[in-house]
Each structure stands twice: as C-alpha cells, then as structure tokens.
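J.: Before I ask anything, let me first share the structure, which is written out below as structure tokens.
In our numbering, the protein residues as written are 485 to 775.
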C-alpha cells in the first residue's frame, strides 16, 4: 500500500469504533514503535502480519476466507467496514453479524461489530447465538481475571481448557448425544469446538449432531420448537425425550430405536441428568443416553 492509501485507511477507521486502541496496545504493545501510533502501525504493517484490531476481528481468518480481498491486497478491516458486513461476511469465526443485528434490532446502516465492541465494555454481551455470557460468568466468574469479559476470557483461557459456553452446550456434551467425529467429517467447524459451533451456528444451518438426530426433521415436525428458535437437540434432551418426541424418522432409526426412545421418554421413568450422574461411563463413551 502507498502512503496515500495508508493515510486514507487511517482516516476511514479513526472514528468507527472498529479499532480498539486499548485492546490492541495491551496485546501488541511490545511490537509498537515508540514514535508510531497503534492505528498507524496497524494500517501500515500490522494487518499484513495478521494482527487483530479488536477482540472479534480475526485478520488472518478474514483474508483466508475472502480470496478477493486477499488478492487485491486490501486492508481487511477497511474492506469489512465498507463492504464486508453489508455482504454478510464475518469478521472472524465467533461473531455472527446477522444474528447480532436481529437480536438487538439494529438497522442495516448500523455496524454490528462496532455496536458490539462499544456495548460489551459495559456489560456481558453475546457475540453469537450459542455463547451465553451471563451463564459463562456465573459458571466461571471466580477464575476470570479482573477486567476480562466472559467472551475475552473464553478466547484467552476457556477454549484451551475446553470450558462449555452455555447451559445448552453443557447438557449436550454430558448427554453423549453429540458425535464429534461425525460432525467434523460432515461439516467444517474451523477452529471452534464442534459443540460450540453446533450451538452457535450449526443447528441454524440444519447440521446434524450425529446419525441419531435429524435437525431439520425435528424442527419440521415440531413447529413449536421452530417458532421459539430453540436449539432442537437441546430441546429434545431437555423436554422432547420426556414428551415422547422422536429424534429422527422411524424409518431412519435402526431396529425401530426412535420409537423405543420415544416410548421410554414419554413414560416419565427416564431422568437424563440422574442417569449421567450415576453412570459417567455412558457420558464418556459418547453414546446417546437412550441409544
């Protein structure tokens, strides 16, 4: 980029809220020259080195998944500001602009990522439909360092420690109903934990958590669940089993197992949480609790 192009990028980004100065200096302070302002450094060489301008914008990821931006040698953050979000391109693997806009009632001319970065300083805020900041704070608040938001802590510590991101993710993990190998083979969760990916994005795209649960079919057969926008596998484990709802068409279940599961669930005699607590080997096996 020429000096003129760098200056133009600085001007475009200065007052957008997309460049988090405090976050950038805290993370990359040792890379900054004493005489160079952080935004100047990012627009000049920082983005080329894969440095991130805020907690949600993953520079390397954006360039990797947007070949046109990479080949044109464009500053990825400027591209996201001018075109990317409007084209529903994601700033990184965690932040879902479309979900955020709908959840918070933003108009099309409001930048979702800038709004999130501004508001998350004052209170825990969810970057997508699968990460529950308040639940995470209640669950892990005693080990979250002062000054870190729940999401920031997850990125820095929680993901590496395989922490759950929500109550629904924990129930799904403990149930053994999620087949990680199946999910990785059929879909691409990228760098995300597969269950986190399923809760945040996968089920909304119709992805199945394994051979024993048909996401699209369950939503099509249970309009009340679809209307509520609830994770269908979570609903099945939390309520559906007890209500006698089937996880997949009977014809798709070996030896009529779907019908058997429905009957056992409807009987009220099977308690998922109790069963998993009493028989941890079932949880560790990865098998469905009623499989």
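We put the CB at the ideal spot given by N, CA and C, even for glycine.
1. Going by other Cβ atoms of all chains shown within 10 Å of its Cβ, with 16 needed for buried, is residue 668 buried or exposed?
2. Ignore the nearest five residues each way along the sequence and tell me which others in residue 544's own chain have a CB closer than 7 Å to its CB.
3. Take residue 654 and list the residues in its own chain whose beta-carbon comes closer than 7 Å to its own, dropping the five residues that flank it on each side.
4. Just list the residues that DSSP pairs residue 690 with in beta bridges.
5. Counting Cβ pairs closer than 8 Å, one from the stretch 631-638 and one from the stretch 608-620, do we hit at least three?
6. Which runs of the alpha helix (DSSP H) spanning at least 4 residues fall entirely within the stretch 617-650, listed in chain order?
7. Which first and last residues belong to the alpha helix (DSSP H) in which residue 491 is found?
8. Please go through the same chain and pick out, in chain order, the residues whose beta-carbon is closer than 8 Å to the beta-carbon of residue 587, but skip the five residues on each side of it.
9. Please classify residue 505 as buried or exposed, where buried requires at least 16 neighbouring CB atoms within 10 angstroms.
10. Relative to the alpha-carbon of residue 500, which residue among 681, 640, 730 and 599 has its alpha-carbon at the smallest distance?
11. Is it right to say residue 733 is buried, meaning 16 or more other beta carbons lie within 10 angstroms of its own, or is it exposed?
12. Whole angstroms is fine: what's the gap from residue 686's alpha carbon to residue 618's?
13. Pull up the DSSP beta-bridge partners for residue 697, would you.
14. For residue 699, count neighbouring C-beta atoms within 10 Å of its own C-beta (all shown protein chains included) and say buried if the count is 16 or more, exposed if not.
15. What's the call for residue 540, buried or exposed, on a 16-neighbour Cβ count within 10 Å?
16. Since residue 697 and residue 671 should fall inside the 8 Å C-beta cutoff, what is the C-beta to C-beta distance between them, to a whole number of angstroms?
17. So the alpha helix (DSSP H) residue 583 belongs to, where does it begin and stop?
18. State yes or no: is the C-beta of residue 597 within less than 8 Å of the C-beta of residue 575?
19. What residue does the alpha helix (DSSP H) around residue 509 start on, and which one ends it?
20. Specify, as a first and last residue, the run of the alpha helix (DSSP H) that residue 536 falls within.
21. For residue 676, which residues from the same chain have a beta carbon less than 7 Å from its beta carbon, with the 5 sequence-adjacent residues on both sides left out?
22. Can you tell me which of the three DSSP states residue 704 falls into?
23. So residue 595 packs on residue 493, CB below 8 Å; how close in whole Å?
24. Among 708, 712 and 718, which has the Cα closest to the Cα of residue 692?
25. Does the Cβ-Cβ distance between residue 502 and residue 538 come in under 8 Å?
26. I need the straight-line Cα distance from residue 625 to residue 735, nearest angstrom please.
27. Can you have a look at residue 601 and say buried or exposed, based on whether 16 or more other CB atoms are within 10 angstroms of its CB?
T.: According to the structure shown:
1. Within the chain shown, the letter at position 184 stands for residue 668. Label assigned to residue 668: exposed.
2. In the chain shown, counting from the first residue as 1, residue 544 sits at position 60. So the qualifying residues of the chain are 534.
3. For this step, residue 654 is matched to residue 170 along the chain shown. The beta carbon of residue 654 is closer than 7 Å to those of 648 in its chain, skipping five residues each way along the sequence.
4. On the chain shown, position 206 is the one that residue 690 refers to. Note: residue 690 sits in no beta bridge, so no partner.
5. At 8 Å Cβ cutoff, the stretches touch.
6. Counting whole runs of 4 or more residues, the stretch 617-650 contains the alpha helix (DSSP H) stretches 617-624 and 634-637.
7. In the chain shown, residue 491 corresponds to position 7, counting from 1. Run containing residue 491: 487-497, per the alpha helix (DSSP H) assignment.
8. If you number the chain shown from 1, residue 587 lands on position 103. Closer than 8 Å at Cβ, skipping near neighbours: 610 and 613.
9. Looking up residue 505 in the chain shown gives position 21. Burial call: exposed.
10. What you label residue 500 is simply residue 16 of the chain shown in a count that begins at 1. The shortest C-alpha separation from residue 500 is found at 599.
11. Position 249 of the chain shown holds residue 733. Its Cβ having fewer than 16 others within 10 Å, residue 733 is exposed.
12. Against the chain shown, residue 686 aligns to sequence position 202. Against the chain shown, residue 618 aligns to sequence position 134. Going from the Cα of residue 686 to the Cα of residue 618 covers about 22 Å.
13. If you number the chain shown from 1, residue 697 lands on position 213. The secondary-structure analysis by DSSP pairs residue 697 across a beta bridge with 694.
14. Walking along the chain shown from the start, residue 699 turns up at place 215. Buried, since its Cβ has 16 or more Cβ neighbours within 10 Å.
15. One-based indexing of the chain shown puts residue 540 at position 56. Its Cβ being crowded by 16 or more others within 10 Å, residue 540 is buried.
16. By 1-based counting over the chain shown, the position of residue 697 is 213. By 1-based counting over the chain shown, the position of residue 671 is 187. Actually they do not touch by this definition, with Cβ atoms about 14 Å apart.
17. On the chain shown, position 99 is the one that residue 583 refers to. The continuous alpha helix (DSSP H) containing residue 583 extends over residues 581-588.
18. Position 113 of the chain shown holds residue 597. Position 91 of the chain shown holds residue 575. Yes, the pair counts as a contact, with Cβ atoms nearer than the cut-off.
19. For the purposes of this step, residue 509 is taken as residue 25 along the chain shown, with counting starting at 1. 505-512 is the span of the alpha helix (DSSP H), which, as asked, contains residue 509.
20. Here residue 536 is taken as the residue at index 52 of the chain shown, counted from 1. Where residue 536 is concerned, there is no enclosing alpha helix (DSSP H), given that its DSSP letter is neither H nor E.
21. On the chain shown, residue 676 is found 192 positions in, with the first residue counted as 1. Only 577 meet the Cβ criterion.
22. Position 220 of the chain shown holds residue 704. Assignment of residue 704 by DSSP, reduced to helix, strand and coil, places it in the helix class.
23. Walking along the chain shown from the start, residue 595 turns up at place 111. Walking along the chain shown from the start, residue 493 turns up at place 9. By a beta-carbon distance limit of 8 Å, residue 595 does not contact residue 493. Their separation comes to about 16 Å.
24. Sequence index remark: in the chain shown, residue 692 carries index 208 (1-based). Ranking 708, 712 and 718 by Cα distance to residue 692 puts 718 first.
25. Stepping through the chain shown from its first residue, residue 502 is reached at position 18. Stepping through the chain shown from its first residue, residue 538 is reached at position 54. The answer is yes: Cβ separation under 8 Å.
26. Numbered from its first residue, the chain shown carries residue 625 at position 141. Numbered from its first residue, the chain shown carries residue 735 at position 251. C-alpha of residue 625 to C-alpha of residue 735: approximately 46 Å in a straight line.
27. One-based indexing of the chain shown puts residue 601 at position 117. Of the residues assessed, residue 601 falls on the buried side of the cut-off, its CB having 16 or more other CB atoms within 10 angstroms.
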